[in-house]
Amino acid sequence: MKVEVKHSQHVSSNHHPWVSATLILTGLGVIALAVFWIRKCRSSTVQKHEYSALKTDGGSTETCKYEVQIRNGAFMTCKQYLANNERYELKTQLGDIGTRPDKHWFIVQDNTLTAERLLSLVPLPSDCPLNPSQQTRETLLELFRGLQHPYIHPVLDIEFWEAGAALVSPLNPSGSLRDVIYGANFSHDCQEKYADRGAGLALRTVQCLGRQILEALLFLQNRQFPPIYHLHTGNVIIQNGVARLAGLENLLFGLTPKPPVAPDTLAFGYILFEMSAGYPLATPPSPAHLELELERAPQVADALSLIFHKSRPATLEDLVRCDLFRGVELRELRGASILQFSTPQEVLELLDQVRNPVPPSPMRRKDVVIIVEDRRLEDILEEDNEDSDTSSGDSGR
Ligand SMILES: *[C@@H]1O[C@H](CO)[C@@H](O)[C@H](O)[C@H]1NC(C)=O
Numbered sequence: 001m002k003v004e005v006k007h008s009q010h011v012s013s014n015h016h017p018w019v020s021a022t023l024i025l026t027g028l029g030v031i032a033l034a035v036f037w038i039r040k041c042r043s044s045t046v047q048k049h050e051y052s053a054l055k056t057d058g059g060s061t062e063t064c065k066y067e068v069q070i071r072n073g074a075f076m077t078c079k080q081y082l083a084n085n086e087r088y089e090l091k092t093q094l095g096d097i098g099t100r101p102d103k104h105w106f107i108v109q110d111n112t113l114t115a116e117r118l119l120s121l122v123p124l125p126s127d128c129p130l131n132p133s134q135q136t137r138e139t140l141l142e143l144f145r146g147l148q149h150p151y152i153h154p155v156l157d158i159e160f161w162e163a164g165a166a167l168v169s170p171l172n173p174s175g176s177l178r179d180v181i182y183g184a185n186f187s188h189d190c191q192e193k194y195a196d197r198g199a200g201l202a203l204r205t206v207q208c209l210g211r212q213i214l215e216a217l218l219f220l221q222n223r224q225f226p227p228i229y230h231l232h233t234g235n236v237i238i239q240n241g242v243a244r245l246a247g248l249e250n251l252l253f254g255l256t257p258k259p260p261v262a263p264d265t266l267a268f269g270y271i272l273f274e275m276s277a278g279y280p281l282a283t284p285p286s287p288a289h290l291e292l293e294l295e296r297a298p299q300v301a302d303a304l305s306l307i308f309h310k311s312r313p314a315t316l317e318d319l320v321r322c323d324l325f326r327g328v329e330l331r332e333l334r335g336a337s338i339l340q341f342s343t344p345q346e347v348l349e350l351l352d353q354v355r356n357p358v359p360p361s362p363m364r365r366k367d368v369v370i371i372v373e374d375r376r377l378e379d380i381l382e383e384d385n386e387d388s389d390t391s392s393g394d395s396g397r
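Residue numbers (the UniProt record's numbering): 1 to 397.
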């Protein structure tokens, strides 16, 4: 059969010279293509070699980076503190991956579990409600052990150093919800990674992540955790596509929250908007703004008006029941063993201390500070309402 076919081809090519011409041309074409391909591969391997040569020569860039780190006092501090620590070994310092200017981030090696961890170091404010002692450390670790939940980012370890509180938590390559919204690499500086407007997430993603955050907030509420005021997209860590609340320690240490300062449900509203629209709000959105911006996601706009435009703002329970979040499946909660335990007395006392900080005795300065801050918050919310009413629609464009 085969021979016959070949034969007939041969015969026909003899009879029609244009067929053989075509065959020859095709053959030449194939050869040309092959030559081109080989050249291309060669040049790319050359480039690769050049690149890796640059990289190895780039000991100089490596040294430069090292020098920057050495110059950085925080790096030295961390290095000194970990010098005698058998468990954690300092690997590298990250840049300004978050917006808090006095916070520093490091990658450390946990030698007991042979895993890389994120160590963050933040100075404690003078009005920190907690006394940074060994006892406090143990109570805090107890508190965080009790907060194990699929939608809470764990705090694995805490140390109080002269320079502030050092927190060890898992290192998540996908970064925060903010990184996901702006398509950013978590390890890059916040100045650059959030400079451009992000892409709004798909409705399905908004629903899942939103519901997961709500569940975390409900869980904290059940555990008598005080209102957080530190809830924003940078404090939601994404792990395997699942949202996990982080930054709870900010409240415990009395750090200043990032504006717009808002309690849980309002803060959730800001997150929900940023997830859908791809940019953050500085003030509550006006109804017109929502309608315009979230035209393609009316369910999200509805949920946001429950939060921002009702005389009685929605509770967490209301939000869980609204159209947007009601049907979301909570896969992670199914097999999770969430500890049903009574919170130890010392943890309750610590939370009380955070809720009602003891004013320093002679001047009772903290009372004054708190009143001023409370008033400021209300003022801000009022101003925001006015602002967003007047600038409806065009903000954020
Ligand atoms: C993020 O950036 C770092 C350093 O620039 C790089 O090594 C890493 O591969 C990047 N990660 C991703 C997922 O692109």
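Just so you know, even glycine gets a beta-carbon here, dropped at the ideal spot from N, CA and C.
Through-space distance from residue j to residue i, alpha-carbon basis
| i | j | result |
| --- | --- | --- |
| residue 181 | residue 202 | 10 Å |
| residue 157 | residue 337 | 21 Å |
| residue 193 | residue 151 | 25 Å |
| residue 146 | residue 127 | 26 Å |
| residue 351 | residue 230 | 16 Å |
| residue 118 | residue 311 | 42 Å |
| residue 299 | residue 242 | 21 Å |
| residue 3 | residue 183 | With a pLDDT of only 42 at residue 3, under 50, the local geometry of the prediction cannot be trusted, and no value is derived from it. |
| residue 249 | residue 103 | 13 Å |
| residue 353 | residue 259 | 24 Å |
| residue 228 | residue 264 | 6 Å |
| residue 325 | residue 137 | 37 Å |
| residue 87 | residue 342 | 31 Å |
| residue 274 | residue 84 | 43 Å |
| residue 347 | residue 292 | 46 Å |
| residue 149 | residue 215 | 10 Å |
| residue 344 | residue 135 | 14 Å |
| residue 168 | residue 120 | 7 Å |
| residue 142 | residue 304 | 36 Å |
Buried or exposed (CB count within 10 angstroms, at least 16 for buried), residue i
| i | result |
| --- | --- |
| residue 91 | exposed |
| residue 306 | buried |
| residue 373 | Residue placement at residue 373 cannot be trusted, given a pLDDT of 43 that sits under 50; what the coordinates show is reported in the next sentence. Exposed. |
| residue 125 | exposed |
| residue 240 | exposed |
| residue 356 | exposed |
| residue 179 | buried |
| residue 283 | buried |
Residues sharing a beta bridge with residue i, DSSP
| i | result |
| --- | --- |
| residue 159 | 166 |
| residue 109 | 89 and 116 |
| residue 239 | 242 |
| residue 104 | 121 |
| residue 176 | 237 |
Within-8 Å CB hit, residue i to chain C
| i | result |
| --- | --- |
| residue 165 | In the structure shown, chain C cannot be found, because there is only a single protein chain. |
Endpoints, the alpha helix (DSSP H) within which residue i is located
| i | result |
| --- | --- |
| residue 145 | 134 to 146 |
| residue 127 | It is not in any alpha helix (DSSP H) - residue 127 carries neither H nor E in the DSSP assignment. |
| residue 185 | Run containing residue 185: none; DSSP gives neither H nor E here. |
| residue 319 | 316 to 321 |
| residue 205 | 203 to 222 |
| residue 151 | Looking at the DSSP string, residue 151 is not in any alpha helix (DSSP H), and its letter there is neither H nor E. |
| residue 334 | 331 to 334 |
| residue 298 | 298 to 308 |
| residue 263 | Taken as a continuous stretch (DSSP letters only), residue 263 belongs to no alpha helix (DSSP H), as it is neither H nor E. |
Quiz item: Counting by C-beta, which residues lie closer than 5 Å to a heavy atom of ligand 2, in chain order?
Solution: This structure lacks ligand 2; the ligands present are ligand 1.
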